[in-house]
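First up is the structure itself, then whatever we jot down about it.
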Amino acid sequence: MRTTAIIATVGRAVLAEQLAALAEQVTGPDQIVVVHNGVPGAVDAVIDRWRDALPVLELIEVPSDRTVAAARNAGAQQARFDGLLFLDDDDVVAPGYTAAVAAALDGADIVAAHIDLDALNRPRLRAGWGDMQSHGPMTHHDFLPWSSGCALSVRRAAFDQVGGFDESLTVTEDTDLCWRMQLAGARPVVFAADAVVHYRLRDRPVPAFRQARQWAMGEAELTARFENFGLRPRSIRDALRWKEIRRWARPVSTVVTARHRDDLVVASRSLGGCVGRLQGARRGNQLVRRVEVRSGSGR
Numbered sequence: 028m029r030t031t032a033i034i035a036t037v038g039r040a041v042l043a044e045q046l047a048a049l050a051e052q053v054t055g056p057d058q059i060v061v062v063h064n065g066v067p068g069a070v071d072a073v074i075d076r077w078r079d080a081l082p083v084l085e086l087i088e089v090p091s092d093r094t095v096a097a098a099r100n101a102g103a104q105q106a107r108f109d110g111l112l113f114l115d116d117d118d119v120v121a122p123g124y125t126a127a128v129a130a131a132l133d134g135a136d137i138v139a140a141h142i143d144l145d146a147l148n149r150p151r152l153r154a155g156w157g158d159m160q161s162h163g164p165m166t167h168h169d170f171l172p173w174s175s176g177c178a179l180s181v182r183r184a185a186f187d188q189v190g191g192f193d194e195s196l197t198v199t200e201d202t203d204l205c206w207r208m209q210l211a212g213a214r215p216v217v218f219a220a221d222a223v224v225h226y227r228l229r230d231r232p233v234p235a236f237r238q239a240r241q242w243a244m245g246e247a248e249l250t251a252r253f254e255n256f257g258l259r260p261r262s263i264r265d266a267l268r269w270k271e272i273r274r275w276a277r278p279v280s281t282v283v284t285a286r287h288r289d290d291l292v293v294a295s296r297s298l299g300g301c302v303g304r305l306q307g308a309r310r311g312n313q314l315v316r317r318v319e320v321r322s323g324s325g326r
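Quick note on numbering: the sequence shown equals residues 28 to 326 in the numbering used here.
Here you go:
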């Protein structure tokens, strides 16, 4: 299948590493669309440096206040081919990535690539991550499988059928898309073990905390959207169970015993997840009540 790689970027310098990796593909994408939603002109120099090595490279600009979901949709609208390969600007695809994903898409609507945490991250930063899409698609919501947006590829027809990414979402837009596609009749997610993307973790405490908190809070929105389809809601009681309390103790213990700056990053990430789960559980209850009031059942 012929493919278009779509890279959303806010202008980070590491975009050049992803472009270099695409240039090294033996069978590369038929089109590469970089969608920039940062400060206008911030990536022009990077794009210009890679135009000779990547003649299929294109750049489009979208307003900086648009979500990553909106940026990806803009890239999909620009795409000329049926295989849509969504990538992030701060990751690096391994050799053979494009060919492996294209082959998988020949028999699938949604493909989850293999995410590797080792190549770009120091060992201490990887503590506590466990299995992040290295042996199969994501399944930790105990619902339908899905793929992280940095390693997600789809058939255009199935993508267009559900209207693409939901641009109102600031996080979990990848999960939401995969679930909506499957509920609309798309075939189950296929895992492409030979398509490897090297994922870059946040390596500073504040960004790590914010990312983990946002991800955890995003689960509340997913619950409100998909509870009627079988997704189990998460309550405040769940967030305060003993298992969760032990999670709160983990970052405290890590800070006390920290011997390296990366330990503080790991603690911040863990704490962000705990805070986000608690806030998300509270928000989830509010969302459910709002839906009940709108439907008349809460009166």
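Glycine included, C-beta positions come from ideal geometry on N, C-alpha and C. Treat the numbers as computed from the prediction; the structure is a model and nothing was measured.
Taking 9 Å as the cut-off, the beta carbon of residue 181 is found closer than this to the beta carbon of residue 111. Taking C-alpha positions only, residue 201 is separated from residue 161 by approximately 17 Å. If you ignore the 5 residues before and after residue 179, its C-beta comes within less than 7 Å of the C-beta of 113, 139 and 201, all in its own chain and listed in chain order. One alpha carbon belongs to residue 169, the other to residue 259, and they sit about 8 Å apart. Our two residues, residue 214 and residue 30, have alpha carbons roughly 19 Å apart in a direct line. Under a 10 Å Cβ-count criterion, residue 125 is classified as buried, with 16 or more other Cβ atoms of the shown protein chains found around its own Cβ. Per DSSP, reduced to three states, the secondary structure at residue 244 is helical.
Comparing C-alpha distances from residue 166 to each of 65, 237 and 216 shows the shortest one belongs to 216.
The continuous stretches of beta strand (DSSP E) do not include residue 160, and DSSP gives it neither H nor E.
Taking every protein chain shown into account, the CB of residue 211 has fewer than 16 other CB atoms within 10 angstroms, so this residue is exposed. Ranking 234, 226, 237 and 255 by CA distance to the CA of residue 118 puts 226 first. Among the bridge pairs identified by DSSP, residue 63 is matched with 36 and 88. Assigned with DSSP and collapsed to three states, residue 58 falls in strand. Using a Cβ distance threshold of 9 Å, residue 223 and residue 303 do not count as a contacting pair.
Runs of the beta strand (DSSP E) spanning 3 or more residues and lying entirely within the stretch 96-172 occur at 110-115 and 137-143, in chain order. Looking at 218, 251 and 245, the one whose alpha-carbon comes closest to that of residue 131 is 218. Straight across, the Cα-Cα distance linking residue 190 with residue 101 is about 12 Å.
By the Cβ-count criterion, residue 67 is exposed, with fewer than 16 other Cβ atoms from all chains shown falling within 10 Å of its own Cβ.
If you look at residue 73, you'll find it in the alpha helix (DSSP H) that goes 71-77.
Remark: C-beta atoms of residue 236 and residue 152 do not approach each other more closely than 9 Å. Looking at the DSSP output, residue 219 sits in a beta bridge with 140. Residue 207: member of the alpha helix (DSSP H) spanning 200-210, first to last residue.
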